[in-house]
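*Asks:* Chains as they are written, first to last, in my numbering: chain B, 1 to 65; chain W, 101 to 165; chain S, 201 to 265; chain Y, 301 to 365; chain X, 401 to 465; chain F, 501 to 565. Cβ atoms here follow ideal geometry from the backbone N, Cα and C, with glycine treated the same way. All figures in this text were calculated on a predicted structure; none of them were measured in a lab.
There are 6 protein chains.
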Amino acid sequence: MPSVQITWVAGRSAEQKRKIAQRVTQALVEEGKAKIENVHVTFHDLPATDYAEAGVMVADQKRTA
Amino acid sequence: MPSVQITWVAGRSAEQKRKIAQRVTQALVEEGKAKIENVHVTFHDLPATDYAEAGVMVADQKRTA
Amino acid sequence: MPSVQITWVAGRSAEQKRKIAQRVTQALVEEGKAKIENVHVTFHDLPATDYAEAGVMVADQKRTA
Amino acid sequence: MPSVQITWVAGRSAEQKRKIAQRVTQALVEEGKAKIENVHVTFHDLPATDYAEAGVMVADQKRTA
Amino acid sequence: MPSVQITWVAGRSAEQKRKIAQRVTQALVEEGKAKIENVHVTFHDLPATDYAEAGVMVADQKRTA
Amino acid sequence: MPSVQITWVAGRSAEQKRKIAQRVTQALVEEGKAKIENVHVTFHDLPATDYAEAGVMVADQKRTA
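(1) Is there a C-beta anywhere in chain W that falls below 8 Å from the one on D50(B)?
(2) Along chain W, which residues have their Cβ under 7 Å away from the Cβ of E507(F)?
(3) Can a CB atom of chain X be found closer than 8 Å to the CB of I320(Y)?
(4) What are the complete beta strand (DSSP E) segments, minimum 3 residues, inside the segment 424-449 of chain X?
(5) Consider the Cβ of A465(X): report whether some Cβ of chain F lies at a distance smaller than 8 Å.
(6) What does K117(W) reach in chain B if we use C-beta pairs closer than 9 Å?
(7) Under 6 Å Cβ to Cβ from A459(X), same chain only, skipping five residues before and after it: list those, please.
(8) Below 9 Å between beta carbons is the criterion; list the residues of the segment 421-450 of chain X that meet it against any residue of chain B, in chain order.
(9) In whole angstroms, what separates the C-alpha of H44(B) from that of E231(S)?
(10) Helix, strand or coil for A410(X) per DSSP?
(11) According to the neighbour-count rule (16 or more other Cβ atoms, all chains shown, within 10 Å of its Cβ), is I36(B) buried or exposed?
(12) How many Å lie between V304(Y) and K62(B) at the Cα?
(13) Below 9 Å on C-beta distance, what does S503(F) contact in chain W?
(14) Kindly indicate which residue of Y151(W), T125(W) and H140(W) has the alpha-carbon position closest to the one of E53(B).
(15) Rounded to whole angstroms, what's the CA-CA distance from A565(F) to M57(B)? Just pull it up for me.
(16) Please name the residue, chosen from P102(W), Q126(W) and L146(W), that lies closest to W208(S) on a Cα-to-Cα basis.
(17) In whole angstroms, what separates the C-alpha of E315(Y) from that of V324(Y)?
(18) Leaving out five residues before and five after K217(S) in sequence, what residues of the same chain have Cβ atoms less than 8 Å from its Cβ?
(19) With DSSP as the reference, label A365(Y) as helix, strand or coil.
(20) For A259(S), report the span of its beta strand (DSSP E) as first-last.
(21) Count the other CB atoms within 10 Å of the CB of A510(F); is the residue buried (16 or more) or exposed (fewer)?
(22) Helix or strand or just coil, what does DSSP make of A252(S)?
(23) So, A534(F) versus G255(S), is the Cβ gap smaller than 8 Å?
(24) On a CA-only basis, which of N238(S), K219(S) and L246(S) is nearest V71(W)? Give me that one, please.
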């Protein structure tokens, strides 16, 4: 532990995810005393038609983030 | 908040998800005093080979729902 | 299926959750053709110190929703 | 209930998942007194670029498991 | 990986969970070629007022499972 | 979006979680182009009897991390 699950709309590159996984893992080790070998980080990429904010699908918003 | 994660077997249209996201968001705002701009709803579509009920994959059931 | 997981800061009554579970279930049955007996809805109540929006814990915000 | 969510890197066959779903369901019924018809098991297959252990993506590790 | 998240209504003993974690882990190792040291299993115990099936809270059902 | 769910064994202070939420949010904004106001981070604290690694409950391990 810990297990970290990140859910968002697809669109980030493998390199962006790689950096995020590193920084999230570092934060947990440095601030939370987690053992690095036990930190799991997963990315759940969703289509913009499968993520709603304020009742509106991201696909139907003006922006794409 | 709140974050709502809906997991099911793929097969619903974008329009069906759009309506469900609206109704779920309304329910949380009207009954749960959530602030609408903070309500996130995500749909996690799975293949029928990745969802089991009663130990049987949906793909192996007679029905597809 | 579907499985619905609702995560938020604790503070809603059993009656509020009961109504939300009913409305979410209805939405999935009516709009998504889900079989009612297979709809699972879970509420994950978190302390306000365990939910952050925009990098700020709800406990540290001016509001409590 | 219960709902079981299994998240890993894609690569297992439908037959492997079928057996795992059966065994997980049996364990919950036999050890946990769950009612079999209420046990839901879902598999969330991720690309190896979306799962990090110890801050390193599985795609960047020497092994693929 | 894999990460396994089991969500249900509270009421099982530590011993029951211990056995379930063992059996679930074994199933993933034996059937899914998972490396045992990477298997994480978490139990999310909910009050019976926080888990609904078919739109009805477990707390409001005749049975408690 | 994104929604970030961090699951671990309880034991970190509110201050530790506050710092982790900040750093995780920063990582998503800086590396992933997320809009800060849409980043949700939740902590799911579990008892050591509810988190197993390699088939062994953390409560039954020699260490507590």
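*Replies:* Result, derived from the coordinates:
(1) Residue mapping note: residue 50(B) aligns to position 50 of the first sequence, counting from 1. Output row for D50(B): interface = yes.
(2) Residue 507(F) sits at position 7 when you count from the first residue of the sixth sequence. Going by the sequence as given, residue 507(F) is Thr instead of Glu. Within chain W, no residue comes near T507(F); the closest Cβ sits about 13 Å away, beyond 7 Å.
(3) Locating residue 320(Y) in the fourth sequence gives position 20, counting from the first residue. Taking Cβ atoms only, chain X reaches closer than 8 Å to I320(Y), which makes this a yes.
(4) 440-446
(5) By 1-based counting over the fifth sequence, the position of residue 465(X) is 65. Bear in mind that a pLDDT of 45 at A465(X), under 50, signals an unreliable position, so the number given afterwards is only what the model happens to contain. Closer than 8 Å: no.
(6) Here residue 117(W) is taken as the residue at index 17 of the second sequence, counted from 1. Here the neighbours are T49, D50, A52 and M57.
(7) Numbered from its first residue, the fifth sequence carries residue 459(X) at position 59. Correct list, in chain order: A448 and T449.
(8) E437, N438, H440 and T442
(9) Here residue 44(B) refers to the residue found at position 44 of the first sequence. Here residue 231(S) refers to the residue found at position 31 of the third sequence. Computed Cα separation, rounded: 25 Å.
(10) Along the fifth sequence, one-based indexing puts residue 410(X) at 10. Coil at A410(X), not helix or strand.
(11) Start at 1 with the first residue of the first sequence, and residue 36(B) comes out as number 36. With fewer than 16 Cβ atoms within 10 Å of its Cβ, I36(B) is classed as exposed.
(12) Numbered from its first residue, the fourth sequence carries residue 304(Y) at position 4. Numbered from its first residue, the first sequence carries residue 62(B) at position 62. Their Cα atoms are separated by approximately 36 Å.
(13) The residue labelled residue 503(F) in the question sits at position 3 within the sixth sequence. Going along chain W in sequence order, the residues near S503(F) (Cβ under 9 Å) are S103, Q105, H140 and T142.
(14) On the first sequence, residue 53(B) is found 53 positions in, with the first residue counted as 1. Comparing Cα positions, the closest option is H140(W).
(15) To locate residue 565(F), count along the sixth sequence from 1; it is residue 65. To locate residue 57(B), count along the first sequence from 1; it is residue 57. A caution first: A565(F) carries a pLDDT of 45, below 50, which makes its placement in the model unreliable, though a value can still be read off. Between A565(F) and M57(B), the C-alpha separation is close to 39 Å.
(16) Start at 1 with the first residue of the third sequence, and residue 208(S) comes out as number 8. Cα-wise, what sits closest to W208(S) is P102(W).
(17) Here residue 315(Y) is taken as the residue at index 15 of the fourth sequence, counted from 1. Here residue 324(Y) is taken as the residue at index 24 of the fourth sequence, counted from 1. Each residue's alpha carbon lies about 14 Å from the other.
(18) Locating residue 217(S) in the third sequence gives position 17, counting from the first residue. Within the same chain, K217(S) has close Cβ partners F243.
(19) Here residue 365(Y) refers to the residue found at position 65 of the fourth sequence. In this predicted model, A365(Y) has a pLDDT of only 45, less than 50, meaning its place in the structure is not dependable; the value taken from the coordinates is given anyway. Residue state, collapsed to three classes: coil.
(20) Looking up residue 259(S) in the third sequence gives position 59. It is not in any beta strand (DSSP E) - A259(S) carries neither H nor E in the DSSP assignment.
(21) Start at 1 with the first residue of the sixth sequence, and residue 510(F) comes out as number 10. So A510(F) counts as exposed.
(22) Counting from one through the third sequence, the residue named residue 252(S) turns up at place 52. If DSSP states are grouped into helix, strand and coil, A252(S) belongs with the strands.
(23) As a first step, residue 534(F) is located in the sixth sequence; it is residue number 34 there, counting from the start. As a first step, residue 255(S) is located in the third sequence; it is residue number 55 there, counting from the start. The answer is no: Cβ separation not under 8 Å.
(24) This structure gives no information on residue 71(W), because the portion of chain W shown stretches from 101 to 165.
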